[in-house]
Amino acid sequence: METRAAAPRRLIVAITGATGAIYGIRLLETLRRLGGVESHLLISSAGWLNIQHELQLSKEDVHPLADVVHSVRDVGATIASGSFATDGMVVAPCSMKTLASVAHGFSDNLITRAADVTLKERRRLVLLVRETPFNLAHLRNMTAVTEMGGVIFPPLPAFYNQPASIDEMVDHTVARVLDLFALGPALSPSWTGLRDAQQ
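Last residue of the sequence shown: number 199 in the UniProt record's numbering, and the count goes up by one each step with no gaps.
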């Protein structure tokens, strides 16, 4: 009997026009370092503005971090089809516009189409939503995405691990996000409780 070859591990990473471009970049860097996962990158025009403003990085700096780079206008790309197997998708950071488009199923560019495909195929979609404070439209859109099976993951820093730098806070968030996909051994340390921490 012929056996079916296992699909390669693949993760879609999108960077949109909200502050926090470092999360998407660090995610790509971490995937590159871990190996064994094919990364597919999408960056919106506003996402590029933030990458350039916040990190002073160019396309020549960013594109090599991914295995495959797609144009957000290429709605005929592999990741636009559910037949192209992936482990899921992370939007880091996720703008409120992208959140709204996903919540209402617009599929008006490759980012929102890939997110729609991820949801319809019952794969994991994680949105690192960036805005504060939230208004009612934001909250309702987050509820809608959650009801569809998506994960709303605001990149809020943790302080229980006593981070010494912004880099450590970013790394902890990225590790928590990747652990949601079970791509390998856990990257973020497990909480052992205050009793152990005080001993």
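Yeah, the Cβ is synthetic: ideal placement off N, Cα and C, and Gly gets one too.
Let me confirm a value: residue i is counted as buried when at least 16 other C-beta atoms fall within 10 Å, else exposed. Which label applies?
| i | result |
| --- | --- |
| L49 | exposed |
| A114 | buried |
| R26 | buried |
| A103 | buried |
| L119 | buried |
| R122 | exposed |
| L139 | exposed |
| R130 | buried |
Taking the CB atoms as reference points, tell me whether residue i and residue j lie closer together than 8 Å.
| i | j | result |
| --- | --- | --- |
| P93 | G20 | yes |
| T112 | T132 | no |
| V174 | T86 | no |
| M89 | I12 | yes |
| L110 | V145 | no |
| I22 | I43 | no |
| R124 | F181 | yes |
| H53 | R10 | no |
| L183 | V37 | yes |
| H172 | P163 | yes |
State the Cα-Cα distance for the pair residue i and residue j, rounded to the nearest angstrom.
| i | j | result |
| --- | --- | --- |
| D116 | L156 | 25 Å |
| L65 | G193 | 36 Å |
| R33 | R176 | 16 Å |
| T143 | M96 | 13 Å |
| G150 | I79 | 17 Å |
| S45 | D108 | 14 Å |
| S71 | G17 | 15 Å |
| L28 | A137 | 30 Å |
| A100 | L128 | 13 Å |
| S58 | I51 | 8 Å |
| E168 | V126 | 21 Å |
| P179 | P189 | The sequence as given places Asp at residue 179; Pro does not occur at that position. The straight-line gap from Cα to Cα measures roughly 10 Å. |
| N135 | V91 | 20 Å |
| F84 | S165 | 39 Å |
| V170 | Q56 | 17 Å |
| A77 | V68 | 11 Å |
DSSP has residue i in a bridge; who is on the other side?
| i | result |
| --- | --- |
| L125 | M89 |
| R73 | None, per the DSSP bridge assignment. |
| A100 | For A100, which the question treats as bridged, DSSP gives no partner whatsoever. |
| A14 | L42 and V91 |
For this session: For the segment 124 to 173, list the beta strand (DSSP E) runs that are entirely contained and at least 3 residues long, ordered along the chain.
Result: Those beta strand (DSSP E) runs which fall completely within the segment 124 to 173 and span 3+ residues are 124 to 129.
Problem set entry | Entirely enclosed alpha helix (DSSP H) segments - the segment 33 to 72, minimum 4 residues | With a minimum length of 4 residues, the continuous alpha helix (DSSP H) runs that stay inside the segment 33 to 72 are 45 to 50 and 59 to 62.
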